[in-house]
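Residue numbers (the working numbering): 23 to 378. Positions of the beta carbon are idealized from the N, C-alpha and C atoms, including for glycine. As the structure is a computational prediction, the values presented were derived from the model and not from experiment. These notes are about the structure you will find just below.
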């Protein structure tokens, strides 16, 4: 019969985990490893939870640094375009320098994100990264065409990124962003085979590529350096699945969040593989299906716009601006509570083992 500690751990890890999903036994060895990883975990803020505020000038990139510091986070991951006229992409040199000084003064690392692998967009990101002292850039591609052609274009882009990474002492992490499957991205990264070129794993984007979360994580696991944490409700479509952004950990969240978090924490043999767990709440974000059940061998990939969240039906702008702050705060609290549950169960397991 399973003891109460193991039962609680099994319940936590089994939440929303679809079969077949191998149960995890919280042994003393795993408990020690988990505690070490929890001690070294680096939690980052993200601009998306406050995107409406950033877009309308109510919050600036500098304010996002304050948010991260106020919550005791380790850094901030920010899109180059977040904040419109206040964005990093439009800041004059002196404001970029002041932003970098503020981040350093608060002890925060800044990671950049762009929604492209086009040379001009990448070059701009590299310039800003140098200006603010960032060494990590998230990218993803938005090409249209048959999969084989799109894969070829992306591979060329990734080879250029690998050269830039060496030239500028940078890391590029390619996100699985709804249109490519995890094994396709892993194939591209293996082909290029560069240590500075890896992946960002998003908690929900595999849904739109017609994948399940845990198998997608397993496919991409060797390359995952960064993670976007969020909640998702799965939306069945004619021959595929879209997703709707919901509050992480809410009753609507259909992701196996605790199990994914455990698997990601444990990546890496001697040292943690994931360098940033990023709080990317996307409440009310709507994402359609991009891949289909039973699609042809070389499916046509449609062009996608950059992510944005329109005002939900019945919402005023002022209500959305106010609620974003509450939702962002709540995500920090929820993730910290989840991590605290893992820590408690690991500590209880070790205490139990010591008595036995």
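Under the three-state reduction of DSSP output, residue 241 falls in the helix class. DSSP, reduced to helix, strand and coil, places residue 32 within a helical segment of the structure shown. The C-beta of residue 114 has fewer than 16 other C-beta atoms within 10 Å across all chains shown, which makes the residue exposed. If you ignore the 5 residues before and after residue 173, its C-beta comes within less than 7 angstroms of the C-beta of 206 and 210, all in its own chain and listed in chain order.
7 angstroms or more divides the Cβ of residue 254 from the Cβ of residue 286. In the DSSP annotation of this structure, the continuous segment of the alpha helix (DSSP H) that includes residue 372 starts and ends at 339-377. Around the beta carbon of residue 229, 16 or more other beta carbons sit within 10 angstroms, so the residue counts as buried. Note: residue 196 is bridge-paired with 161 and 221 in the DSSP secondary-structure output.
Scanning the stretch 55-89 from its first residue to its last, the whole beta strand (DSSP E) runs of 3-plus residues come out as 65-68. Here residue 134 is near residue 102, since their CB atoms are less than 7 angstroms apart.
Under DSSP, residue 97 shares a beta bridge with 66 and 131. With a threshold of 16 other beta carbon atoms within 10 Å, residue 131 meets it and is buried.
Apart from sequence neighbours up to five positions away, the residues of its chain that approach residue 304 with a beta-carbon distance below 6 angstroms are 70, 252 and 267, ordered along the chain. For residue 146, the enclosing alpha helix (DSSP H) has its first and last residue at 141-154. When the Cα atoms are used, residue 190 and residue 309 turn out to be separated by approximately 34 angstroms.
In the DSSP assignment, residue 214 falls outside any beta strand (DSSP E) and within the unbroken alpha helix (DSSP H) covering 204-214.
Take residue 343, set aside five residues on each side of it, and the residues of its chain with a beta-carbon closer than 8 angstroms to its own are 74, 75, 78 and 80, in chain order.
Secondary structure at residue 175: helix, using DSSP grouped into helix, strand and coil. If only complete runs of 4 or more residues are kept, the stretch 269-318 shows the alpha helix (DSSP H) at 279-287, in order along the chain. Burial state of residue 204 is buried, judged by a 10 Å Cβ sphere holding 16 or more other Cβ atoms. Residue 247: member of the beta strand (DSSP E) spanning 246-251, first to last residue.
The shortest CA-to-CA distance from residue 100 to any of 368, 128 and 147 is the one to 147.
Note on residue 25: under 16 other CB atoms within 10 angstroms of its CB, so exposed under the neighbour-count rule. Using a Cβ-Cβ distance cut-off of 8 angstroms, the stretch 178-198 and the stretch 236-248 are in contact, since at least three pairs of beta carbons, one from each stretch, lie closer than that value.
Between residue 67 and residue 368, the beta carbon gap of about 26 angstroms keeps them out of contact (Cβ cut-off 8 angstroms). For the set 220, 271 and 145, the Cα lying nearest the Cα of residue 359 is the one of 271. Shown here for residue 45: same chain residues with a beta carbon closer than 8 angstroms to its own, the five before and five after excluded, namely 32, 35 and 36 in chain order.
In this structure, the straight-line span from the alpha carbon of residue 257 to that of residue 377 is close to 48 angstroms.
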